[in-house]
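S.K.: Mind having a look at this structure? Questions to follow.
Number of protein chains: 2
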Amino acid sequence: MVNPDRVSLDRTFSALADPTRRALLARLGEAGALSVSELARPIPMSLPAVMKHLDVLSDAGLITRRKTGRTVSCRLSAGPMEEAMEWLAHYQRFWSGSLDRLAALLEQEEAEQR
Amino acid sequence: MVNPDRVSLDRTFSALADPTRRALLARLGEAGALSVSELARPIPMSLPAVMKHLDVLSDAGLITRRKTGRTVSCRLSAGPMEEAMEWLAHYQRFWSGSLDRLAALLEQEEAEQR
Numbered sequence: 045m046v047n048p049d050r051v052s053l054d055r056t057f058s059a060l061a062d063p064t065r066r067a068l069l070a071r072l073g074e075a076g077a078l079s080v081s082e083l084a085r086p087i088p089m090s091l092p093a094v095m096k097h098l099d100v101l102s103d104a105g106l107i108t109r110r111k112t113g114r115t116v117s118c119r120l121s122a123g124p125m126e127e128a129m130e131w132l133a134h135y136q137r138f139w140s141g142s143l144d145r146l147a148a149l150l151e152q153e154e155a156e157q158r
Numbered sequence: 045m046v047n048p049d050r051v052s053l054d055r056t057f058s059a060l061a062d063p064t065r066r067a068l069l070a071r072l073g074e075a076g077a078l079s080v081s082e083l084a085r086p087i088p089m090s091l092p093a094v095m096k097h098l099d100v101l102s103d104a105g106l107i108t109r110r111k112t113g114r115t116v117s118c119r120l121s122a123g124p125m126e127e128a129m130e131w132l133a134h135y136q137r138f139w140s141g142s143l144d145r146l147a148a149l150l151e152q153e154e155a156e157q158r
C-alpha cells in the first residue's frame with residue numbers, strides 16, 4: 045500500500061524543485077491573492093507554460109484557485125510546506141547551530157508579520 | 045545568469061521528492077555511516093537502482109561517499125536540508141500555530157539527541 049503522506053511529500057518536494065514555481069509561491073506569499081494574468085505578467089514564459097506550473101502547485105495543494113467571473117485568483121496554501129518542514133526538522137541535529145538560526149529566522153518572520 | 049542558490053534548492057527539493065531517497069536519508073540519519081550494500085539490503089530494488097538514487101543524493105550534496113578498500117560508506121550531509129528549511133521558514137506565518145509546533149519538534153529532537 046502506498047502511504048498517502050509519502051505521496052504528499054513526493055508532490056510537495058517535486059513542486060518546490062522548480063525556480064519558477066518557487067517564485068510564484070514567493071509572489072503569492074507577498075501579495076495574498078493574485079490573478080493568473082498578474083502572476084504570469086513578469087515571467088518570461090508563455091501563459092500556458094505558467095498555467096502548467098500553477099497546475100503542479102495546485103495538484104500539490106500549495107495553491108488554491110478560485111474563479112470569479114472570468115478571473116481566476118490564486119492564493120498560497122501552506123499546509124504542505126508545514127509537512128515538508130516537519131520532515132526536514134527531524135534532521136536539524138545534523139547541522140550546527142540550527143536551532144539558534146532557525147529560531148532567529150522564525151522570530152524575524154513573526155516581527156515582519158506584525 | 046543562473047543563481048547558484050536556486051540550482052542548489054532545485055537539486056535538494058528534487059532529490060527529496062522520492063520516497064526511496066528519503067528512506068535512505070532516514071537510515072543514514074539513524075545509523076551514522078552505512079556501506080552501500082548495507083543501505084541496499086532492505087530495499088526491494090536492484091543494487092544499480094539503489095546506486096542511482098545514491099548518485100542523486102550525492103549530486104545534491106545530501107550524502108558523502110568514502111571508499112575504503114572495496115567498501116563505499118555513505119554519510120548524511122545535512123547542509124542542503126538546512127537551506128531548504130530556511131526557504132520554507134519564510135512561509136511559516138501562513139500556517140497556524142507553526143511556531144509552537146516547530147519549537148516542540150525541535151526540542152524533542154534535541155532531547156532525543158542527548
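Chains as they are written, first to last, in this note's numbering: chain A, 45 to 158; chain B, 45 to 158. Beta carbons: idealized from backbone N, C-alpha and C, even for Gly.
Taking a cut of 8 Å between CB atoms, which residues from the segment 104-120 of chain A lie near chain B?
M.R.: 120
S.K.: Could you check which residue in B:114, B:79, B:112 has the C-alpha nearest to that of residue 98 (chain B)?
M.R.: Residue 98 (chain B) sits at position 54 when you count from the first residue of the second sequence. Residue 98 (chain B) has its Cα closest to that of B:79, out of B:114, B:79, B:112.
S.K.: Between the segment 78-94 of chain A and chain B, which residues of the former have a C-beta closer than 7 Å to a C-beta of the latter?
M.R.: Listed by position along the chain: nothing, the set is empty.
S.K.: Check this for me: beta carbons of residue 67 (chain B) and residue 103 (chain B), under 9 Å apart or not?
M.R.: Sequence index remark: in the second sequence, residue 67 (chain B) carries index 23 (1-based). Sequence index remark: in the second sequence, residue 103 (chain B) carries index 59 (1-based). Residue 103 (chain B) sits away from residue 67 (chain B), with the two beta carbons spaced by 9 Å or more.
S.K.: Would a C-beta distance cut-off of 9 Å place residue 54 (chain B) and residue 63 (chain A) closer than the cut-off?
M.R.: Here residue 54 (chain B) is taken as the residue at index 10 of the second sequence, counted from 1. Here residue 63 (chain A) is taken as the residue at index 19 of the first sequence, counted from 1. Taking 9 Å as the Cβ cut-off, residue 54 (chain B) and residue 63 (chain A) qualify as a contacting pair.
S.K.: I'd like the list of long-range same chain contacts for residue 83 (chain B), defined as Cβ closer than 8 Å, with 5 residues on each side in sequence excluded.
M.R.: Stepping through the second sequence from its first residue, residue 83 (chain B) is reached at position 39. Counting only Cβ-Cβ distances below 8 Å, and skipping sequence neighbours, we find 68, 71, 72, 94, 98, 118.
S.K.: Just tell me which of A:137, A:123, A:124, A:121 has its CA closest to the CA of residue 162 (chain B).
M.R.: What is shown of chain B runs 45 to 158, which leaves residue 162 (chain B) out entirely.
S.K.: Could you tell me the distance, in whole angstroms, from the CA atom of residue 51 (chain B) to the CA atom of residue 110 (chain A)?
M.R.: Locating residue 51 (chain B) in the second sequence gives position 7, where the first residue counts as 1. Locating residue 110 (chain A) in the first sequence gives position 66, where the first residue counts as 1. If you take the alpha carbons of residue 51 (chain B) and residue 110 (chain A), they lie about 32 Å apart.
S.K.: Just reading off the beta strand (DSSP E) that residue 119 (chain A) is part of, what are its end residues?
M.R.: Translated into positions along the first sequence, residue 119 (chain A) becomes position 75. Where residue 119 (chain A) is concerned, the enclosing beta strand (DSSP E) stretches over 115-120.
S.K.: Residues in the same chain with beta-carbon distance under 7 Å from residue 107 (chain A), minus the five sequence neighbours each way, listed in chain order, please.
M.R.: Indexing the first sequence from 1 puts residue 107 (chain A) at position 63. Correct list, in chain order: 72, 98, 101, 118, 119, 120, 121.
S.K.: Are there 16 or more other CB atoms within 10 angstroms of the CB of residue 92 (chain A), so buried, or fewer, so exposed?
M.R.: The residue you call residue 92 (chain A) lines up with position 48 of the first sequence. So residue 92 (chain A) counts as exposed.
S.K.: Does the beta-carbon of residue 124 (chain A) have 16 or more other beta-carbons within 10 angstroms, so that it is buried, or is it exposed?
M.R.: In the first sequence, counting from the first residue as 1, residue 124 (chain A) sits at position 80. So residue 124 (chain A) counts as buried.
S.K.: What residues in its chain sit with their C-beta under 7 Å from that of residue 57 (chain A), if we drop five residues either side in the sequence?
M.R.: On the first sequence, position 13 is the one that residue 57 (chain A) refers to. So the qualifying residues of the chain are 128.
S.K.: Use the C-beta contact count for residue 61 (chain B): other C-beta atoms within 10 angstroms, 16 or more gives buried, fewer gives exposed.
M.R.: As a position in the second sequence, residue 61 (chain B) is number 17, starting the count at 1. Counting Cβ neighbours within 10 Å, residue 61 (chain B) comes out buried, since at least 16 surround it.
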